[in-house]
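**Q** If you read the sequence shown in the working numbering, its first letter stands for residue 14, the second for the next number, and so on.
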Amino acid sequence: PQRYPMTNRYYQLLFDGQLGYERALEVVNSPNLLGITIDDTGADESFTLYDHPRVLVFRKVRDLSDAEWDALLGGSWETAQPWDVGEPTLIQRLWETLGLTDAAPPPPPPADDETGGKTLLLDQPLSEQPVVQDFRWNAVASQSTPLAVVVWWLALFLIGVIAWPITFSVFRGFRDRGYLLSRTLGWLLLGYIVWLLASLRVGQNSLPYILATLAGIALVSLLLWRRQRSQMAAFWRAERHVVLFGEGVFAAAYLLFVVFRIANPDIWQPWQGGEKFMEFAFLNAILRSAHMPPIDPYFAGGTINYYYFGHYLVGLLIKLTGIWSSVAFNLAVPTVFALTVSNVFCLGYNLASGLRGRRELQATGGKLYEVPERSGVEVEDGRPQIDPRLPLDPWLSDGTLPAAGNESAGEPGSPWTDASHLTAAEETAPDAGQETDKDEWGEPSTPDESAQSVGWSGRRAALATGLLAAFFVAMLGNVDGGGQLVRKLAEQSTTGFESMLPGVQTGVRALSGLVHVLGPAQLPSYNYWDPSRVIPFTINEFPYWSFLFADLHPHMIGIPFTVLFLALAFALLMRPMRVVGEGRRLRIATGGVLMVFLALTLGALAVINTWDLPTYFGLGVLVWLVREWRTGRLSENRGRALLRTGVFAVGLVAGALLLYWPFFAHYKALASSGVGLSDVKTELGKWLNVWGFLGFLAVSFLLVELRGRYADGAASTGSATGGRNARDTDAAAEPVEAAGVVRDPALLRWLRLAMDRFGELSQVVELTPQLSARAGAAIGISVLAAAALWLTGWHVPAALLLPLLAAFALLWRRSGTNQRAFLAILIFTALLVLIGVEFVYLKDHLQGGEWRRMNTLFKFYIQVWVMLALATAVALPDVWRFIHSRWRRGWRVLWTVACGWLLLLSLAFLVFGTASRLDDRFPRENGRPPVGTLDGMAYMQAGRYTWNPDPAQSANSWIDLRYDYDAIRWLLDNVSGTPLVAEAPIGYYREGGLRVASFTGFPTFIGFHQEGEQRYGSQTGPRRSQAEEFWRTPDAARARQLIDELGVDYIYVGQLERITTPADGLAKFAVLEEQGVIEVVYQNEQVVIYKVSR
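1) Which of helix, strand or coil does DSSP assign to Met511?
2) Please specify which runs of the alpha helix (DSSP H), each continuous and at least 4 residues long, are wholly inside the segment 942-1009, giving them in chain order.
3) Compute the distance between the beta-carbons of Tyr321 and Ala475, then report whether it is under 8 Å.
4) In the DSSP assignment, the beta strand (DSSP E) including Ala689 goes from what residue to what residue?
5) For Lys694, does the three-state DSSP call read helix, strand or coil?
6) Taking Gln241 as part of the alpha helix (DSSP H), name the residues at either end of that continuous run.
7) Within the same chain, show all residues whose beta-carbon is closer than 6 Å to that of Glu393, passing over the 5 residues directly before and after it, in chain order.
8) Taking DSSP's pairing of strands, which residues face Thr50 in a bridge?
9) Is the beta carbon of Ala503 closer than 8 Å to that of Ala534?
10) Mark Tyr192 as exposed unless 16 or more other C-beta atoms lie within 10 angstroms of its C-beta, in which case mark it buried.
11) In chain order, what residues of the same chain have a beta carbon less than 8 Å from the beta carbon of Leu715, not counting five sequence neighbours either side?
12) Could you tell me whether the segment 848-858 touches the segment 662-679, using the rule of 3 or more Cβ pairs below 8 Å?
13) Quick one: grab the DSSP three-state call for Glu141.
14) Measuring straight from C-alpha to C-alpha, what distance separates Trp337 and Ala152?
15) Beta-carbon within less than 7 Å of Gly1089's beta-carbon, same chain only, minus the 5 sequence neighbours each way: which residues are those?
16) Inspect the beta-carbon positions of Leu1069 and Gly1006 and report whether they are closer than 8 Å.
17) Quick check: is the beta carbon of Trp558 nearer than 8 Å to any beta carbon in chain C?
18) Quick one: measure Cβ to Cβ for Lys11 and His568, integer angstroms, because I've assumed they're closer than 8 Å.
19) What's the C-alpha gap between Phe295 and Leu330?
20) Alpha carbon to alpha carbon, how far is Ala487 from Val606? Give it in angstroms, no decimals.
21) What does the alpha-carbon distance come out to for the pair Gly455 and Cys359?
22) Return helix, strand or coil for Val492, following the three-state DSSP convention.
23) Strictly by DSSP, which residues pair up with Gln1096?
24) Which same chain residues, not among the five before or five after Arg1153, have their C-beta less than 8 Å away from its C-beta?
25) Identify whether Tyr854 lies in helix, strand or coil by the three-state DSSP scheme.
26) What does the Cβ neighbour count give for His808, buried or exposed, with the cut at 16 atoms within 10 Å?
27) How about Ser929 and Asn343: are their beta carbons less than 8 Å apart?
28) Based on Cα-Cα distance, which residue from Ala997, Ala798, Gly829, Gly806 lies nearest to Leu814?
29) Using 10 angstroms around the beta-carbon of Tyr24, count the other beta-carbons present and answer buried if the total reaches 16, otherwise exposed.
30) How close, in whole Å, do the beta carbons of Ile1064 and Phe1082 come, if the pair is a contact with beta carbons under 8 Å?
31) Can you check the segment 1023-1091 for any beta strand (DSSP E) of at least 3 residues that lies completely inside it and give the ranges in chain order?
32) Output the boundary residues of the beta strand (DSSP E) element that contains Arg36.
33) Enumerate in chain order the residues of its own chain whose CB-to-CB distance from Gln1114 is below 6 Å, with the five nearest sequence positions on each side excluded.
34) Name, in chain order, the residues that DSSP records as bridge partners for Phe71.
35) Taking a contact to mean a Cβ-Cβ separation below 8 Å, would you say Ala921 touches Arg941 in this structure?
36) Less than 8 Å between C-beta atoms, sequence neighbours within five positions excluded: which residues of the same chain meet that for Ala168?
Dropping the structure here:
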C-alpha cells in the first residue's frame, strides 16, 4: 500500500461501487474435499490465480466527471513511496548484513527540512543567482588552434613556475626536487583556495578571485624563494638538464594528444557518444556558478550532486585563459594526459635514481644508518642527526646526508652540494682537495665506474627508466589489445588445425591467417572498444584507453593527482627522522607541511573521483607503517609505533574530509551503498587478457627480490651474492639484531631460502623448528588456501595469493633501499586490490543486476594499473639485468620470449586501437568538419544522423545539426546568467538530446542520466511529469501555468522537439505568442527560440 497507494485506492473504490461500475457476475471455484469447501481466499496468488482464478465482471452504469475523479483519487499518488519493499524477513536481514543479496536495496526517502536532510537544491532561485560571465573573453585564441594550444600551455607553465618554490620545499628528498610535479600541485592549490572561498560564500568562482589567489600563492612562493634562493640557484646549475628534459617530456605528451584531439575533436556521435554531454554540461554549469556547489544543468533549481571537483579545476583554467569551453574541453584531455606522463616520469626517475649506481646498504652492526667519519653528520642513538642547511640526497634513500665541507657544486656557503660528493654506507666522499674530471653534467668522472656515484650513465639510465614508467602507465595497452588481432588472424585461417593444448590451435591458425592476409585476404577492421570490455558485465579500461576515448570523466581527471599522492607518499617514506639544529617546533612544522599536502591531495581524490579514496588512504597508512619499521621504531616499541600509525591514519582521513567539508556537507550518495560479497568468479583467461603483461613483470620482480640478488645482494645474510653462499639458519619470526646484522623477517628469509636452497629446507626445519614456526605456518597456510581457492573455482585469487605473500614479506625488509621498499608497497597494494575485488564490490545504482561489479572493477582496475605499471617499469631494467646475468640459458630464453610476446600483444592497441578510435566519428558522407580545429562543437556544422523515438510507429528522421549549432551559438553570444531553457527531456547517449543544457550550461527541466543516481526520486518523478506535460499538453493556459511554476525563461523548439512533441502540443506556442506570454528571439529553418515575457 505504501508503494502503490493510487492502485490500492482505485480497487477499493471499484469494489465499493464508487467508480460508476456495479458487480454483474462473480465466479468462484474453491477447492473441496469430501464435500468440504476450502476457502483459500488468503492463499498465495501463484497458486490460486493459475489453478482456479476468481472471476469478477463489472458493468458500467454511469460516467464520472473530472471533478469526481479528482475528488476520489486526487492526492493519492503523491504519497507513493517507490523505495518501499515492505519489512524484510529475518533471513533477508541476515543476507543483507553479509552483503550476499543481489537485490537492489531501496533508495533513501526524500530529504526535507524537518528531517534535516540534504535537499540538493539551490538556496535561492535561479533568477537570483549572481551572474558570472567571465569565461569567454579570449575569442582570438579560441578561434585559432595554434594560439589556443600555446595560451593554454603558458597558463599551466605559469602555475607551475609560481608553485615551484613550494614543491622545492616539499620534495626535498627528490633529485629533481619535484619540479615536474609543480604544475599539478600548483593547479590543485590554486583551485582549492578559490573553491573554498566560493563554497564558504566569502568569494566567487570568478576570474578576479582566481587572479588574486594566484597572486597570493606567488607571494608565498616569493618568500620561500628568498629563503632558499641559493639552493635553487645551485640546483638549477646542477640539474637544469633534467628540468629541461622534463619540460620536453611534458610538451611532447601535451602536443601528442593535441594532435589526437585535432584528429577527432567531436564531443558527440550517435553510436559511441559516451558521457561527454554530461561532462560538458557540468563543466559549463560550473563556469556559470558563482558559488559551490554549482548549479545542476540537468535539474533546474538543483545543485550538482556528483564528484565535480575535477571539472571545476578544468573550469578554473578556462576562466584563466578565456578560451571557449568547447575548445578547452579538447585541451583538458591533453593536459590530463601530459600531467600524468610528467608526474609518472618524475616519480619513476626518482625511484630509479635509488636503484642506479649504488649498491645496497649493508647491515652495519645493528644500526639502520651508517655515517662515514668525514661526513660531518652528528650521530645520536645510532641514527644520523642531519644538518638542515644541507639538502636531502635523493640517491641516499636510507636517509643519510651528503658530506659537509665540499660545496664545489654550488656558490660559496651554499647548502647545495653536488650529488657526486654524497656518501653511502659503503662509500666515502672524495678527500679534500682531490681533483676530479668533470663530465658534461658537472659530475666527477672516475676511472672506477663501479664507484662512480652519479655520472652521465647513471642519470641517463634513470631518465630512461622514468620515460619507461610514463609509457607503461599512460600509453601501454592490455594483452587483449593484441589478442584481438590474433583472433582476427585465426578467423582468416585456411587450415583446420585443431589442438587441445591452450593457445596452440589459435596460434597455428593465426599464423595461417597471417599468411592469408599478406596475400589475397584483408584483415577485418580493429575494434578499439573490445579491449575495455574483456571481463563480462564489467569495464576494464586502462589509462591510455581512457585518454584516447577522451571522456572528461572523473576517473581520468584523477589519474595525475593519484600520481601526485604517490609522490607525496614516497617523500614521506624518505623523510629523515631527525635533523640537527632543526628543533622540535621546526621538525613538527616541516612534518606538518607534508601532512597537509598529503591530506589536501587525498581529499582532492575523494572529490574528483571518490572511488580513489579507500585505496590511496590505505596505501598512505601502509607507507607510514613501513617507515616505522624501517627506522626501527616499530621493533623498539611496537605499542607506541602502532599508536603513532593510528594517529597518522586518523589525521590523514580527518584532514582530507575536513579540508573538503563544504563538498561533503552537500553531497549525498543516493544509490545503493556499502560492500557486497561477490559470487561471480572471474575467468582466469580473461583476467590474464587484462593483466597478463604487468602481472608477469610483477611476479618476475618478486622472484628476483626473493632470490636476494637484486643488484648486489641482500643484507640479511651479509653476503654480496644475496645468500647463495650462506645459509640463513636463524629464521626468527621477528626481525632481530644479532652479531651486528640487521635481520630481515623470518618469512622473507624463508621465501628466499625456498628459492635458493629448496632441497635444504628439511635441514633448517630440523635445526630451528621453534624459530621457524610462524614463517613456515604462513607459507603452509597460504599454499593450502591457494589450493582450496583453485579447487572451488576462484582461480584469480588462487593465482595471486602466493605473489601477495611474497610482496607482503618484502615490505618488512630492512636491508633494501626506500626506493625498493616503495616498489614492494605498490605491488603489494595492487595485488591486494586485485584479490579484493574478486570477493567484494561496492554497491551502487547497478546493484541487483548483472552489471553490479562494473564500476568496482572499472575504478579499481585503473588504480591498480597505475601502481603496477609504475613499479614494474622502474624494476624492469634491473630485473632484466639480473635474469640475463644469473639465470641459466634455458630459463633466460623462456623468460625473454614470454616477456617479448606479452609486450608485443600489449603494444598492439597503441597502433591499431589509436587509429580505430580516431576514425570513430561521423561518417564522411554524413559530414565532418575540416581537419585542424579543436572546437568540440564543430561537428555540428556538418554532422547529420537519423533517429526515431519509436521505430515501430514511423520511419527514422534525419537530424541536421547545423541548425542546432547556429541556435546554440546565438544563445552563447546573447544570453547570460543561469536562465532555465526548456528543451525536450530526451537522453543524450544515442539520441543527442539535452544539447542546449550540455553546450551552454543553462539549466533545463531534467536529464536522464542522473535519475536514481544523483537525485531523489521524489524530485525527479514530479519534475519529469511536469516536463512531459509541458511539451505534450495542447492547453495554452496549462502551459502558461507550468511556465510560472517551473520558472521557464526560454523555450527551445528544435528538430528533436518537433519529432517527439504532438502537433497540437507545438501549436500552443503560437497561441502563447499571440497572447504576449512569449516572443520569438531567434529563428532559423529548423529551430525557434522563445523568450518568456516578464
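The C-beta atom is built at its ideal place from N, Cα and C for all residues, glycine as well.
**A** If we stick to the structure as given:
1) One point to set straight first is that residue 511 is Glu, not Met, in the sequence displayed. Glu511: coil per DSSP, three-state reduction.
2) Listed in chain order, the complete alpha helix (DSSP H) runs (minimum 4 residues) inside the segment 942-1009 are 974-987.
3) no
4) Note that residue 689 is Gly in the sequence shown, not Ala. 688-690 is the extent of the beta strand (DSSP E) around Gly689.
5) coil
6) In this chain, the alpha helix (DSSP H) harbouring Gln241 covers 220-276.
7) Note that Glu393 scores a pLDDT of 40, beneath 50, so its modelled location is shaky; the value from the coordinates is reported in the next line. Hits under 6 Å: none found.
8) Asn45
9) no
10) buried
11) Within the same chain, Leu715 has close Cβ partners Pro816, Ala819, Ala820, Leu823, Ile840.
12) no
13) helix
14) The alpha-carbon separation between Trp337 and Ala152 amounts to approximately 7 Å.
15) Taking Gly1089 as the centre and dropping the five residues before and after it, the same chain places the C-beta of Ser1106 closer than 7 Å to its C-beta, in chain order.
16) yes
17) Note that chain C does not occur in the displayed structure, where there is just one protein chain.
18) No information on residue 11 is available, as it lies outside the stretch 14 to 1107 that the chain covers here.
19) 15 Å
20) 30 Å
21) Residue placement at Gly455 is flagged as unreliable, the pLDDT there being 33, under the threshold of 50; a coordinate-derived value is accordingly withheld.
22) helix
23) Val1101
24) Here the chain comprises residues numbered 14 to 1107, so residue 1153 is not present and cannot be evaluated.
25) strand
26) buried
27) Not in contact: Ser929 and Asn343 (Cβ atoms no closer than 8 Å).
28) Ala798
29) exposed
30) 7 Å
31) 1063-1066
32) 34-40
33) Here the chain covers residues 14 to 1107 and nothing more, so residue 1114 does not appear.
34) Arg36
35) no
36) Leu330, Leu333, Thr334, listed in sequence order.
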